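J.:
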Amino acid sequence: GFSCGIVGLPNVGKSTLFNALLQSAKAQSANYPFCTIEPNVGVVEVPDQRLYHIAQKERSKKITPTFIEFWDIAGLVRNASKGEGLGNQFLANIREVDAIVQVLRCFEDPDVVHVEGEVDPIRDAQIIDLELIAKDLETVERRLEKVQKMARLVDKKVKEELEHLEKIKAVLDRMEPLRRHKEELGEETIEYAKKTLFLLSIKPIMYVANVGEKDLPEGNEWSEKVKAYAEQESAPVVVMCAKLEADLIGLESQEKLELLKAYGLEEPGLNKLIREGYRLLGLITFFTAGEKETRAWTIKKGTKAPQAAGKVHSDMERGFIAAEVINYEEYKNLPSLSKAKELGLVRLEGKDYVVQDGDIMYFRFNV
Ligand code: GDP
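So the sequence shown is numbered by the numbering used here: it starts at 2 and just counts up by one.
#1: Measuring from each Cβ to the nearest heavy atom of ligand 1, keep the ones under 6 Å and list them in chain order.
#2: Could you tell me which residues DSSP puts in a beta bridge with residue 242?
#3: So, at 6 Å on beta carbons, what are the nonlocal neighbours of residue 79 in its own chain, with the 5 sequence-adjacent residues on each side left out?
#4: Closest to residue 291 by C-alpha separation, out of 363, 150, 121, would be which residue?
#5: Which of the three DSSP states is assigned to residue 89 in this structure?
#6: Going by C-alpha distance, which of 212, 70, 282, 192 is nearest residue 168?
#7: Measure the Cβ-Cβ separation of residue 61 and residue 132 and say whether it is below 9 Å.
#8: Can you tell me where the alpha helix (DSSP H) with residue 332 in it begins and where it stops?
#9: Between residue 13 and residue 98, how many whole angstroms is the CB-CB distance? I'm expecting something under 8 Å.
#10: Name the residue from 344, 356, 182 whose alpha carbon lies nearest to the alpha carbon of residue 286.
#11: Have a look at 214, 341, 102, 136 and flag the residue whose alpha-carbon is nearest the alpha-carbon of residue 277.
#12: Rounded to whole angstroms, what's the CA-CA distance from residue 17 to residue 336? Just pull it up for me.
#13: Compare the beta carbon distance of residue 73 and residue 3 with 9 Å and say whether it is the shorter of the two.
#14: Measuring alpha carbon to alpha carbon, tell me which residue in 270, 223, 215 is nearest residue 122.
#15: Ignoring anything shorter than 3 residues or poking outside the segment 183-226, list the beta strand (DSSP E) runs there in chain order.
#16: Assign residue 56 to buried or exposed, taking buried as 16 or more other Cβ atoms, counted over all protein chains shown, within 10 Å of its Cβ.
#17: Work out the CA separation of residue 267 and residue 218 for me, nearest whole Å.
#18: Within 10 Å of its beta-carbon, does residue 351 have 16 or more other beta-carbons around it, so buried, or fewer, so exposed?
#19: Leaving out five residues on either side along the sequence, give the residues of the same chain with a beta carbon under 8 Å from the beta carbon of residue 233.
#20: Could you check the C-alpha separation between residue 279 and residue 171 for me, to the nearest Å?
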């Protein structure tokens, strides 16, 4: 599965947020295969109203949503890269996730100690980044040493790698995260940083500005600063209150709606968080629909029809002939799929078709 790692300094609200995520996932998923792989990993449903609308129209007996993983990576502190407070272990956990969700404390509370003295989310973000950068530098320097020895062999591949490493090191030496300097690095060096060295500061990131209840729904001065900071790297920001999310758990849906409304919110912040995380991972959803089951499927943006079919069943990819497709945006105005077919609104697409978010698909294949 695809995963987001939740990181942040101590006492910013990570566990409050993570537990709310787990609890709400459990509550929602009575009928679905919810599981907690490990205590610090939660598999949560991607909230998507479209799935339920389709299932209703098609009178489906079963509804299967799609899921993403959240990892609670607690314990990052200043100097983690130097081994402070088991820091290295937590940094190693970040290596395994596909994207980073950084929780930033934007709430004031005299009862909650701030490890850095006073509230300052930008400073906090920079502390975490410095740890990612220090760890990346360590990885790069170790690799560089090896490759420099090999470079004497005048191998073209080795030379290429050396060039990648030097470009990467130039950014890290300025104490800058790689994700902020993609143009300087170039496509191939980015691929190398991601897929060969598994560096941390190249991973996509989003920020959660954790504000106090009284600052909902818009946020406060601190969350505005976070937005400006995040914009420099085109990173998404979700403004939410972890404590309120925790309070919402266990309420009946009517009570929940009322409480949300009292704070000027249309839906739980968790929904926004999950959807933004999904987008950050470059994922989109297509649907298969019918009386037996309506189901959401996750694919990477840019996936073609046969590979999408392969998600449903490997036989469908192998024997792929064509896909019958209608997008949800068109379908939503119609009473059913059979009506859409009757009206000639279902298209037939071939093996080069790039699947779009919201496509409802039926695959034709040879067995
Ligand atoms: P972690 O160390 O980052 O996992 O932080 P916790 O989730 O354990 O939260 C630390 C403390 O901050 C706890 O006492 C929480 O109840 C409190 N807290 C978390 N989120 C909020 C919030 O949005 N507002 C306020 N006032 N307190 C919060």
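All C-beta atoms in this analysis are idealised placements derived from N, C-alpha and C, irrespective of residue type, glycine included. Every value quoted in this text rests on a predicted model; they were computed, and no experiment measured them.
T.: If we stick to the structure as given:
#1: Per the Cβ criterion, the list is 9, 11, 12, 13, 14, 15, 16, 17, 75, 108, 110, 113, 211, 213, 242, 243, 244.
#2: By 1-based counting over the sequence shown, the position of residue 242 is 241. Partner residues in a beta bridge of residue 242, as assigned by DSSP, do not exist.
#3: As a first step, residue 79 is located in the sequence shown; it is residue number 78 there, counting from the start. Excluding its 5 nearest sequence neighbours in each direction, residue 79 has C-beta neighbours in its own chain below 6 Å: 128, listed in chain order.
#4: Taking the first residue of the sequence shown as 1, we reach residue 291 at position 290. Of the listed residues, the one whose Cα sits closest to residue 291 is 363.
#5: For the purposes of this step, residue 89 is taken as residue 88 along the sequence shown, with counting starting at 1. Helix.
#6: By 1-based counting over the sequence shown, the position of residue 168 is 167. Of all alpha-carbon atoms in 212, 70, 282, 192, the one lying nearest the alpha-carbon of residue 168 is that of 192.
#7: Residue 61 sits at position 60 when you count from the first residue of the sequence shown. Residue 132 sits at position 131 when you count from the first residue of the sequence shown. Result no, Cβ atoms of residue 61 and residue 132 do not sit closer than 9 Å.
#8: To locate residue 332, count along the sequence shown from 1; it is residue 331. It spans 329-332 - the alpha helix (DSSP H) in which residue 332 sits, taken as one unbroken run.
#9: One-based indexing of the sequence shown puts residue 13 at position 12. One-based indexing of the sequence shown puts residue 98 at position 97. Rounded, the Cβ-Cβ distance is 18 Å, inconsistent with contact.
#10: As a working mapping, residue 286 is identified with position 285 in the sequence shown. A check of alpha carbon separations from residue 286 across 344, 356, 182 identifies 356 as the nearest.
#11: In the sequence shown, counting from the first residue as 1, residue 277 sits at position 276. Checking every option, the nearest Cα to that of residue 277 belongs to 102.
#12: In the sequence shown, residue 17 corresponds to position 16, counting from 1. In the sequence shown, residue 336 corresponds to position 335, counting from 1. Residue 17 and residue 336: Cα-Cα distance of roughly 42 Å.
#13: Sequence index remark: in the sequence shown, residue 73 carries index 72 (1-based). Sequence index remark: in the sequence shown, residue 3 carries index 2 (1-based). With contacts defined by Cβ atoms closer than 9 Å, residue 73 and residue 3 do not form a contacting pair.
#14: Indexing the sequence shown from 1 puts residue 122 at position 121. The shortest Cα separation from residue 122 among 270, 223, 215 belongs to 223.
#15: Within the segment 183-226, the runs of beta strand (DSSP E) at least 3 residues long that lie entirely inside it are, in chain order, 206-212.
#16: Along the sequence shown, read from residue 1 onward, the residue named residue 56 stands at position 55. Only buried fits residue 56, as 16 or more other CB atoms lie within 10 angstroms of its CB.
#17: By 1-based counting over the sequence shown, the position of residue 218 is 217. By 1-based counting over the sequence shown, the position of residue 267 is 266. Inter-residue distance for residue 218 and residue 267 is about 10 Å (C-alpha atoms, whole angstroms).
#18: Looking up residue 351 in the sequence shown gives position 350. Burial call: exposed.
#19: The residue you call residue 233 lines up with position 232 of the sequence shown. Around residue 233: 181.
#20: Counting from 1 along the sequence shown, the entry for residue 279 is found at position 278. Counting from 1 along the sequence shown, the entry for residue 171 is found at position 170. Straight-line spacing of the CA atoms in residue 279 and residue 171 works out to 31 Å.
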